[in-house]
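Asks:
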Amino acid sequence: MSSRHTFSKEERLSGKKKIDELFSSGSSFYLQPFKVITVTSTSADEKSAPAQVLITVSSKNFPRAVDRNRIKRLMREAYRLNKQLLYDELKKQQKTMLLGLVYTSKKIEPFSLIQEKVIASLQKVILQL
RNA sequence: GCCGCAGUUUCGGCAUUCGUCCCCGGUGAAAAUCGGGGGAGGAAAGUCCGGACAGCACAGGGCACCGCGCCACCUAACAGAUGGAUUCCGAACUCGUUUCGGGAGAGAUAGUGCCACAGAAAAUAACCGUCACGGUUUCGAUCGGGGCAAGGGUGAAAACGUAAGGUAAGAGCUUACGAAUGGUUGCAGCAAUGCAAUCAUUGGGUAAACCUCGCGGGCUGCAAGGUCAAAUACACUUCGGGGAAAAGCUGCAAAGCUUUCCGUACGGCGGCUCGCUGUACCAACCUGUUCAUCGGGUUCACCGGAGGUGGGUAGACCGCUACAUCUCAGCAGCGAUGCGGGGAGCAGAUAAAUGAAUGCCUGAUCUUUCGACUUGUCGGGGGAAAAACAGAAUCCGGCUUAUGAAACUGCGGCCAUA
RNA sequence: CGGGGUGUAGCGCAGUUGGCUAGCGCGCCACGUUCGGGACGUGGAGGCCGAUGGUUCGAGUCCAUUCACCCCGA
Numbered sequence: 011m012s013s014r015h016t017f018s019k020e021e022r023l024s025g026k027k028k029i030d031e032l033f034s035s036g037s038s039f040y041l042q043p044f045k046v047i048t049v050t051s052t053s054a055d056e057k058s059a060p061a062q063v064l065i066t067v068s069s070k071n072f073p074r075a076v077d078r079n080r081i082k083r084l085m086r087e088a089y090r091l092n093k094q095l096l097y098d099e100l101k102k103q104q105k106t107m108l109l110g111l112v113y114t115s116k117k118i119e120p121f122s123l124i125q126e127k128v129i130a131s132l133q134k135v136i137l138q139l
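Mapping of the first sequence onto the numbering used here: residues 11 to 139, in sequence order.
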C-alpha cells in the first residue's frame, strides 16, 4: 500500500460540514498559481486516509466547464503522483489533515509546471506541521 | 475535374506505465484484491417551446391572466416538421399572373383610442376655388344665406380609376370598361382557395394599441417525491431521589382514585379565558416523641439522573437510466411519418468519473527547399503539428446559438474528353 | 434546476402611454476673469441608444431572436 499512487474516494474531501470547516477555520497561504488551505487534527484514525484533499477552480476565472475540468484533472494527477511526501510525514506525527487547493491563475498552465508547484506546496505544508 | 446548395457519417490509431467511475464474475467474515466488459455531444450549451414522470389541489360553471391563430396532414405533444393556397418584399432573366430566396398571417362592417409636423380637413370633410340667386357698387369687385367637390397645394395616407353623358356648376348622379371588398350560385379541390356568372357596396391606416371571436393551459418541479436514520436540542413517557392546590368518593390520618389545573403571589409587555417575561417564596402535610431538633412516612407542578418513543437534521439509499431507444433492409405515403420483421444493449458521476506521461504511425494546415512550366499551380524531399465549437447531471421531441475539417450521396452550373 | 433585472456621450443616470434637433450632472476643449492656478462666467465638441430582423408613415420606446453583465431562490 505504501508505494501506490491511488486516488480513491476516502482521499477526497466531500460533505458540506467538512468543507465549511476548511474554509472557515483553515489557515492558508498563496503559492502561485495556487491558494493552499489546511486544517490539521491530531486524532489518528487507522481507517481513514491521512489527508483529504479538495481541488477547486473558480468559475469566474474559467467560465467554460471544459477548461475547469482540464485544470482539475491536471491538479489531481499531480497530487496523486506526489502525495506520498505528505502521507509519510503525517503518519510519523500521528496527524490527519484537510487540504484545499484553489487554482487562482487566470490561464491554463502546462502539466510540468503544475506538478512542480504542487510539490513545492506540499513541502511548504510539511514544514508548517 | 472545379464551384455552389442540400443531406448523412466521422473526429484520431497503436504500444507501455500510472490512475478514475459503473456493471459482471472469482477469493475473502469484512476491508480489500484479481480478471473481464463498458464510460460525453452534434450541439452534452442557451433554457426559448412541447411532453413523460412525481407530489399537491380538484363537484360543475364563469371571470381574470397567459399562449396560439391560412388549410390539410404528421406527432405523446408543440410556437416544431411536411405538403399546399394567398399575399408582400428582394433578385434574376427568356419580362411571364415566370423562376428562385426571404417574410406575413382570425377580425378595422362590434366598440374605444391614436394618427406628430404640414394641411381647410386625419374621418359626422371645405381654405383657395367654382356656380346660380339676392343686396351694394367707384363696374375692379364685395357682402349674405345657399349648392358643389372637378381643379390647387400639404402629407406616409385625402373619401374608387378612365372616358362619355348630364348640369347653373358639379358629383357613381347615370352609362361603358376596369379595380377592390362582401354575399349567392355553378365548376375544380378533403380544405385554404382558384375560375366563371350574378347581386350589393366604394366604408383611410393601426389589433407586434386596448379589444372581440375561436382553440388550449390547475400549480410546482428529480434539491420533485419516497425509505433508513447519528450527535445535540425539544416534546411525550417509564423508573427511582428531593418539594404545591380545588371538588367528589374511600381511608383513623397523611394519603389514594376520578375530574379540573400544570408552582404560587405581585408587576411589565403582547396577538389579552391565554402566552412571554421580571422579582420574591423552595416546601407542604401526617405520625412517633415534651415544643423544637431528630426518626419514619405520603404527594407531586418543579429540579437533576438513567432508559424508551416521536417528528426529523447531518449522512446514506431508492428515484437513476429499457426505451416516443438505436440499427438493417422491406412495405404504404408526393413528403414529414407510420406499419410489421431481423439484429443490438449503448454513461450514470454527486466538491461531481471518462484522465496523465512517453514513443511510433497517418497527415488537414503551415513553413522551407528542389524541379517543371500556363508565375501561381503541380510533383518530390525535410521540419513543426491531433486540431474547431465545446463536458452529461431525471429523461425525451424540437428550436436557437457556437463551430475547424474529412469522407460519401443527390441536385444544379461550367470546362475537357469520348 | 428555476426566477428577476440591466445595457443610452469618457463616467453616473433620465427619457412611462411610439412623433419635431434624445436630455441632466460630473468630466473634456476654447475664450473671458487672475500676476499665475483654482473657483466662477460664456460658448462648444462628443451618441445612431448592446446586436440582428420585423410591425408602423415614423422605433431609444412595440414584437421576435440573440450577445454580454449583474442579482436571487431551492
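C-beta: ideal position from N, C-alpha, C; glycine also. Bear in mind that the values here come from a model prediction, so they are computed numbers and not experimental data.
What distance in whole Å lies between the Cβ atoms of residue 85 and residue 128, which are believed to be in contact at a cut-off of 8 Å?
Replies: 7 Å
Asks: Which class does residue 37 belong to by DSSP, given the choice of helix, strand or coil?
Replies: strand
Asks: Check the DSSP bridge columns for residue 49 and list the partner residues they point to.
Replies: 108
Asks: Identify whether residue 9 lies in helix, strand or coil by the three-state DSSP scheme.
Replies: No answer is possible for residue 9: the residues shown for the chain start at 11 and end at 139.
Asks: Output the boundary residues of the alpha helix (DSSP H) element that contains residue 82.
Replies: 75 to 92
Asks: Within 8 Å, do at least three Cβ pairs link the segment 97 to 108 to the segment 67 to 84?
Replies: Cβ pair count under 8 Å is below three, so no.
Asks: Beta carbon of residue 88, beta carbon of residue 138: below 7 Å?
Replies: Going by C-beta atoms, residue 88 is not nearer than 7 Å to residue 138.
Asks: Relative to the C-alpha of residue 134, which candidate in 34, 115 and 40 has its C-alpha closest?
Replies: 40
Asks: Do residue 132 and residue 96 have their C-beta atoms within less than 7 Å of each other?
Replies: yes
Asks: Check whether the Cβ atoms of residue 99 and residue 47 lie closer than 7 Å to each other.
Replies: no
Asks: In or out: residue 101 buried (at least 16 other Cβ within 10 Å) or exposed?
Replies: exposed
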